[in-house]
Amino acid sequence: MPLKFKEPPVNKRMPVVKRTPRPIIRPVKRKVQIRELIRNLDPENRRIFGEIQKIIRENSGLKKVGNKLLITFLRKHPKQLGICRDLLELAKKSESPQRVMMAFGKGLEYLKTIPKAKNVELKIMRLFLQINKDPKLQSLTLEERMNVAYGRLILGTENAEKLRTKRGITYFMRYSPQQLESQMYQIDRTYKPKYTSRDELRLQQTRPTVLVVFNKHDNSGSFYFQSKSFRDLSKKFKVVIYETDNEQGFYNAVRNTHKTHGKITHLMIGGHGTHDKIVFGRKKKGESNEEAEKKTLDLTDIAELRKLSKYLEGVRIILEACSTGGKRTPGKGEKSINRSKHNMRTALKTALKAVKVFAPKKDSMGAKRYEIITDGGEITIDKVVFELMKPIQDNIFNEEINDEIPQKINTDGNIEK
Numbered sequence: 001m002p003l004k005f006k007e008p009p010v011n012k013r014m015p016v017v018k019r020t021p022r023p024i025i026r027p028v029k030r031k032v033q034i035r036e037l038i039r040n041l042d043p044e045n046r047r048i049f050g051e052i053q054k055i056i057r058e059n060s061g062l063k064k065v066g067n068k069l070l071i072t073f074l075r076k077h078p079k080q081l082g083i084c085r086d087l088l089e090l091a092k093k094s095e096s097p098q099r100v101m102m103a104f105g106k107g108l109e110y111l112k113t114i115p116k117a118k119n120v121e122l123k124i125m126r127l128f129l130q131i132n133k134d135p136k137l138q139s140l141t142l143e144e145r146m147n148v149a150y151g152r153l154i155l156g157t158e159n160a161e162k163l164r165t166k167r168g169i170t171y172f173m174r175y176s177p178q179q180l181e182s183q184m185y186q187i188d189r190t191y192k193p194k195y196t197s198r199d200e201l202r203l204q205q206t207r208p209t210v211l212v213v214f215n216k217h218d219n220s221g222s223f224y225f226q227s228k229s230f231r232d233l234s235k236k237f238k239v240v241i242y243e244t245d246n247e248q249g250f251y252n253a254v255r256n257t258h259k260t261h262g263k264i265t266h267l268m269i270g271g272h273g274t275h276d277k278i279v280f281g282r283k284k285k286g287e288s289n290e291e292a293e294k295k296t297l298d299l300t301d302i303a304e305l306r307k308l309s310k311y312l313e314g315v316r317i318i319l320e321a322c323s324t325g326g327k328r329t330p331g332k333g334e335k336s337i338n339r340s341k342h343n344m345r346t347a348l349k350t351a352l353k354a355v356k357v358f359a360p361k362k363d364s365m366g367a368k369r370y371e372i373i374t375d376g377g378e379i380t381i382d383k384v385v386f387e388l389m390k391p392i393q394d395n396i397f398n399e400e401i402n403d404e405i406p407q408k409i410n411t412d413g414n415i416e417k
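If you count the sequence shown from 1, position 392 lands on 392 in full-length UniProt numbering, and the numbers rise without skipping.
Listed below in structure tokens is the structure:
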């Protein structure tokens, strides 16, 4: 009889049940609304809030940036609205409130890059309100005083005044803290930097020299956006910066830089331009055309420019000035004109015996990119790409939300009808 084996029992698998994982519920941080911030103000700051709203409503140039500034103060400094009001009250009296606030925004942009920087809005505004009463600075415009406040905050009062005296630098907000320290170290080797290492400043002094001579008159505020150019150039060159409002200041800058720093390999000239001139300073009311001409570098200055050629041997020139490489365009009512090829680019190239002159043919925002090469063992700029003109976008308080700007909210936090 054959042996019979019991078959092992079959293991039955349990049915797999697919379970949907329970969602993780995280607490959502509630966004404090503007109305609630207003309701939380004490009576005095509610009154000041109303005054600020009135200033903003009555000045179209302050509408956008003024509201952003107000929102910033409601969130960060609700007990300091008086400082916000005082700044806007002064700005509205200036020739260009929008440009004053543009300068303020650029200063904040730089200050916020400083590690552990806190309450930079309050610091620069308090300093501005303080120096605005300084009798020694009353000849400056409000915009210039705002710039000086930033310069003093970065370098200290004494050092900022040294740069104003020796280099003519008044528009400090065109430059980052690191760029200002570089200029300060060039005129005073005992300067102790806060934002740049001393080794880096020493290294910069060994590089080829780029002389930058910029205008003071800037009706559009576009020269507040040149900082990237200096940052890029500083990696390969020693950048020496001057500001001036007249052509004699330009001539002096060339001579002084050659005397102090030796060979100038590159020269950058900045100002609002046309095909036949670069404007350094603004013509004031009552000035003659002859006096105004001294504030521009133009085609009538060829003889003076030739005298500078001995200081600029083998130089390459960058013109940060609109249309200086272009031709004259017909004016209103003109049917035809003599479209001479002679312009600031060709004039400077001939008079200064420059190797190359880079200049925009049309309206430009400035240099977008430099192509830097090593030629015969020397570092040089071989090409400059200019950015075409576009509307200037203010980036003041760009970390703040834009869709909660209060229009007509009363001191109870309710929208007025």
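We put the beta carbon where it would ideally sit given N, CA and C, even for glycine.
Assess contact between the segment 176–185 and the segment 133–147, defined as three or more Cβ pairs (one per stretch) separated by less than 8 Å. Is contact present?
No, the segment 176–185 is not in contact with the segment 133–147.
Span of the alpha helix (DSSP H) holding G107?
Residues 97–111.
I need the DSSP call for N338, collapsed to helix, strand or coil.
The predicted position of N338 is uncertain, since its pLDDT is 48 and thus under 50; a value taken from the coordinates is nonetheless stated next. Correct three-state label for N338: coil.
Kindly indicate which residue of A103, L203, I34 has the alpha-carbon position closest to the one of F223.
Selected option, being the one with the closest Cα: A103.
In or out: G151 buried (at least 16 other Cβ within 10 Å) or exposed?
Classification of G151: buried, given that the 10 Å Cβ count is 16 or more.
Does the beta-carbon of Q98 have 16 or more other beta-carbons within 10 angstroms, so that it is buried, or is it exposed?
It is buried - the Cβ of Q98 has at least 16 other Cβ atoms within 10 Å.
By Cβ distance, which residues of its chain are closer than 8 Å to H217, with the 5 residues on each side in sequence left out?
Once the five neighbours on either side are set aside, the close Cβ partners of H217 are D245, G271, H272, V279, F280, G281, R282, K295.
Provide the residue span of the alpha helix (DSSP H) that contains I55, from first to last.
Run containing I55: 43–58, per the alpha helix (DSSP H) assignment.
Of the choices P78, Y110, R306, whose alpha-carbon is the least far from that of F195?
In the sequence as presented, Phe is not what sits at residue 195; that position holds Tyr. Nearest of P78, Y110, R306 to Y195, Cα basis: Y110.
Leaving out five residues on either side along the sequence, give the residues of the same chain with a beta carbon under 6 Å from the beta carbon of S336.
At S336, the pLDDT of 48 sits below 50, so the modelled position is not reliable and the matter cannot be decided from this model.
Tell me whether K383 is buried or exposed, calling it buried when 16 or more other Cβ atoms sit within 10 Å of its Cβ.
The residue in question, K383, is exposed, as its Cβ has fewer than 16 Cβ neighbours within 10 Å.
Do you know how far the Cα of N289 is from the Cα of K236?
Going by the C-alpha atoms only, they are around 41 Å apart.
For P360, count neighbouring C-beta atoms within 10 Å of its own C-beta (all shown protein chains included) and say buried if the count is 16 or more, exposed if not.
Classification for P360: buried.
Would you mind giving the Cβ-Cβ distance between L81 and I34, rounded to the nearest angstrom? I have them listed as a contact below 8 Å.
About 14 Å; that fails the 8 Å criterion.
Just to confirm the assignment: which complete beta strand (DSSP E) runs, minimum length 3, are found wholly within the segment 226–299?
Taking only runs of at least 3 residues, the beta strand (DSSP E) segments lying wholly in the segment 226–299 are 238–244, 264–270, 272–274, 277–279, 296–298.
Name, in chain order, the residues that DSSP records as bridge partners for A367.
Answer by DSSP bridge pairing, in chain order: F386.
Suppose the cutoff is 7 Å on Cβ atoms and the five residues either side in sequence are ignored; what does the same chain contact list for L153 look like?
Within the same chain, L153 has close Cβ partners K123, I124, L127.
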